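Asks: Okay, so the sequence shown: first residue is 5 according to this note's numbering, each after it adds one.
All C-beta atoms in this analysis are idealised placements derived from N, C-alpha and C, irrespective of residue type, glycine included.
Just so we're clear, the structure is a prediction, and the values are computed from it rather than from any experiment.
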Amino acid sequence: MNFPEHFLWGTATSAYQVEGATCTDGRGSSNWDEFAGKPGTIYRGDNAEVAADHYHCLDEDLDMMSRLGVTAYRFSVSWTRIHPDGKGPANPLGLAFYDRLVDGLLARGITPMLTINHMELPLALEQAGGWLNRDTIDRFVEYARTLHTHLHDRVQLWSTMNEIALTTWWGFGTDLFPPALGDKTKVLPAIHNQLVAHGRAIRLMRQVQPEGQFGIVGSYWPVTAALEGAEHETAARLLDLLINRSCIDVLVDGEYPPELMDWHTSSGGLPFVEGDDLDDIAAPLDYLGLNYYGPIQVVAEEAGSGGSVTPRGIGIRQADPADRPKTSFGWIIDPEPLLNLLRQFRDRYRLPVYITENGAAFDDYVAPDGRVNDLERIDYFCGHLDAVARALDEGIDVRGYMAWSLLDNFEWAAGYSKRFGLTYVDYGSQRRIPKESFHWYRRYIAKARSAAPEVELLSGTCAGN
Ligand code: IFM
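(1) Relative to the alpha-carbon of GLU64, which residue among ILE449, PRO372, PRO438 has its alpha-carbon at the smallest distance?
(2) Of the choices PRO262, SER270, LEU289, whose alpha-carbon is the least far from that of VAL221?
(3) Give the range of the alpha helix (DSSP H) segment to which GLU361 is assigned.
(4) Work out the CA separation of ASN197 and VAL54 for me, nearest whole Å.
(5) So what's SER80 in DSSP terms, helix, strand or just coil?
(6) Which one or two residues does DSSP pair with GLY98 in a beta bridge?
(7) Specify, as a first and last residue, the run of the beta strand (DSSP E) that GLY293 falls within.
(8) By the three-class DSSP mapping on this structure, what secondary structure does PRO262 have?
(9) Can you say whether VAL227 is buried or exposed, counting buried as having 16 or more other CB atoms within 10 angstroms of its CB?
(10) Given that a residue counts as buried once 16 or more other Cβ atoms are within 10 Å of its Cβ, and exposed if not, what is ASN344?
(11) Using CA atoms only, rank isn't needed, just tell me which of ALA128, ASP327, LEU185 is closest to GLY317.
(12) What is the residue span of the alpha helix (DSSP H) that ASP338 lies within?
(13) Near THR427, what residues of its chain come up, given a Cβ to Cβ distance below 8 Å and the 5 sequence neighbours on each side ignored?
(14) When we look at the beta-carbon of LYS42 and count the other beta-carbons within 10 Å, is it buried (16 or more) or exposed?
(15) Could you check which residue in ARG149, VAL106, PHE181, ARG138 has the C-alpha nearest to that of GLY44?
(16) Give the single residue among ARG241, GLY90, GLY279, ALA452 whose Cα lies nearest to the Cα of PRO261.
(17) In whole angstroms, give me the CA-to-CA distance for THR171 and MET123.
(18) From which residue to which residue does the beta strand (DSSP E) around TYR428 run?
(19) Assuming THR119 is part of the beta strand (DSSP E), what are its boundary residues?
(20) Look at the Cβ atom of SER163, then the Cβ atom of THR84, and state whether they are nearer than 7 Å.
(21) If you run the structure through DSSP and keep just helix, strand and coil, what is LEU125?
(22) Ignore the nearest five residues each way along the sequence and tell me which others in ALA452's own chain have a CB closer than 6 Å to its CB.
(23) Since GLY302 and ALA230 are thought to touch, with beta carbons under 8 Å apart, how far apart are those beta carbons, to the nearest angstrom?
(24) Spatial neighbours of ASN51 within its chain, please: C-beta separation below 6 Å, excluding the five flanking residues on both sides.
(25) ASN166 bridges to which residues according to DSSP?
(26) Candidates GLY399, ARG423, LEU264, ARG48: which alpha carbon is nearest ARG381's?
(27) Could you check the C-alpha separation between LEU110 and PRO116 for me, to the nearest Å?
(28) Return the CA-CA distance between VAL81 and ILE336, expressed in angstroms with no decimal places.
(29) How would you call HIS10, buried or exposed, if buried means at least 16 neighbouring beta carbons within 10 angstroms?
(30) Here's a check: name, in chain order, each residue in its chain whose Cβ is nearer than 8 Å to the Cβ of SER463, leaving out the five neighbours to either side.
(31) Does the beta-carbon of SER441, which I'm using as the reference point, lie nearer than 6 Å to any heavy atom of the ligand IFM?
(32) CB ALA307 to CB GLY363, shorter than 7 Å?
(33) Which one of GLY14, TRP13, ARG31 has the shortest CA to CA distance from TYR20?
(34) Return the bridge partner residues of TRP408 from the DSSP annotation.
Following this line, the structure appears as C-alpha cells:
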C-alpha cells in the first residue's frame, strides 16, 4: 500500500449542515429553512438555525483540522449568504466569511475543495419554480461566477454540485426534501436543469482559470437483487439507473441512457432537453467526486415502499438483510463494493476520482471518562481506506479521500439524530469533543504521509491502534 505523495487527506462538511447562523450577516432564506419550519418534515422538529455553529466557531474548527493533520477540506458555500434572494448584488459579508475560511485553510497548509451548491436553493428561486424553472440555470451560473471571481485566486479545486440525483429524487419524486413534490415525472427535468447549470458554470470558470480543477460530486450505491428472479434483477438495474447513472452517464457521454429516457416517457414524463443542453452538460471534467456509504439490496414490489436510500413509488423495496453489519441509519457496511466501483469508474468514465465523502452514523455518546469511543467508525474507515489503498495499488487514479464528516451535523430530514462526525458536537454548549476516530484518523494520515513502512495498520487491526 502506497498513498501517493500528493494524495489529499481530508474531511468534508456542507454549509447548511454545519454553519448555523441562518439569519446572520445578511444571509437570505433557503428552501431548507422553509421546509424545516413545516411540521412533520424533520425528525423531532429539528432545524439548522444553529447546527454546529461553524459560522461562529470557525477559528476553533480550523485549528481542529490542523490538529487532525488533514491536507484538504471539502466544504460548500451557502448560496443565500452570497445572493440572499438568489439574484442581484453579492452580499459582501457573505463573501467575507468564505474569505476567512479559505484564508484560514491556506494559512494552515490545507487545500480548499469548494462545492458551489450542496443540496440547497435560495427560497426566492424555489418559489419561482426552482429547478423546474430554467431561469434557475442562469441564476446558478451567476452565483458561480460571483464566487469564482472572488475566490479563484485562492481555490483551485471546484465542484459545482453535490449528489444531484438522490437529492432530486427525494425532493421531486417524494416529499422527504424540498420542494416535496412527490411527482416522479419531474425528477429528470429537475436533474437536467441542474446538469445544464453545472456545465455552463464549468465552461465559464475554466475560461478564467485554465489551471483550475473542475468536477461534480455524486453518491453511488451499488445495487444488487436481494432475491433470485428476473423481476428482482430488473428492479436492481432500474434503481442503479435512476440513482447512480442518471447524472454521470450523460455528463460523460453527452446523452442520456436510452433506457432512462424510456423510463421517463413510460412514467408519463414530458420532453425536457432543449437546444445545446447536451453539449453544455458534457463540458469536460477534470475529476469525478465519488461519495460512497454502502451497497443496497432490493426486491421488486408492486406497492414500492422504497427504503432509506430507495425512493418509494418506483415499484422497488429496499431489503434489510439481517445478516449484514449496518450503521445506525441501517446502511449496510461493506467496503468491497467501493473497490469494484472504483474499477468501474476507471473502465467506464476514465477520469481521476476523489472520494469526496465516506463515513458512517453511529449512536455516539460521551462516556463517563469524557471520551467518545466510536470503535465501529474506526473499523468502518479502516476497511474503506483499505479499499482505496487496493485501488491505488491497481493503478486507479484516486486523488484524495474526504472523511464525512469533520463534525456531527444537521443530517437533513433526520435532523440531529444521526451523528457522522469525527468530532462529537454537544449541541447544547457547542463543545467539540474529538472522538476516538478523530485520533485514529490523525495517526493514520500521519503514518500514510510519512511513507513509513508501518502499513500493518491496514491489516484489520486498526481499532487497536
Ligand atoms: O449528510 C449527507 C451529505 O449531505 C450528503 N451525502 C450523504 C451524507 C450522509 O447522509
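Replies: Straight from the coordinates:
(1) PRO438
(2) LEU289
(3) Run containing GLU361: none in the alpha helix (DSSP H); it sits in the beta strand (DSSP E), 357-362.
(4) 31 Å
(5) strand
(6) Answer by DSSP bridge pairing: none, since GLY98 is not bridged.
(7) 291-296
(8) helix
(9) buried
(10) exposed
(11) LEU185
(12) Counting along the chain, ASP338 falls outside any alpha helix (DSSP H), and DSSP gives it neither H nor E.
(13) MET68, LEU410, LEU411, ASP412, ARG436, ILE437, PRO438, LYS439, PHE442
(14) exposed
(15) PHE181
(16) ARG241
(17) 7 Å
(18) 427-430
(19) 115-121
(20) no
(21) coil
(22) PHE7
(23) Checking the displayed sequence, the identity of residue 302 turns out to be Val instead of Gly. Confirmed, about 6 Å.
(24) ALA40
(25) VAL221
(26) ARG423
(27) 7 Å
(28) 30 Å
(29) exposed
(30) Per-residue confidence for SER463 stands at a pLDDT of 31, beneath the threshold of 50, marking its modelled position as unreliable; the derived number appears in the next sentence. Same-chain partners within the cutoff: there are none.
(31) no
(32) no
(33) ARG31
(34) ALA16
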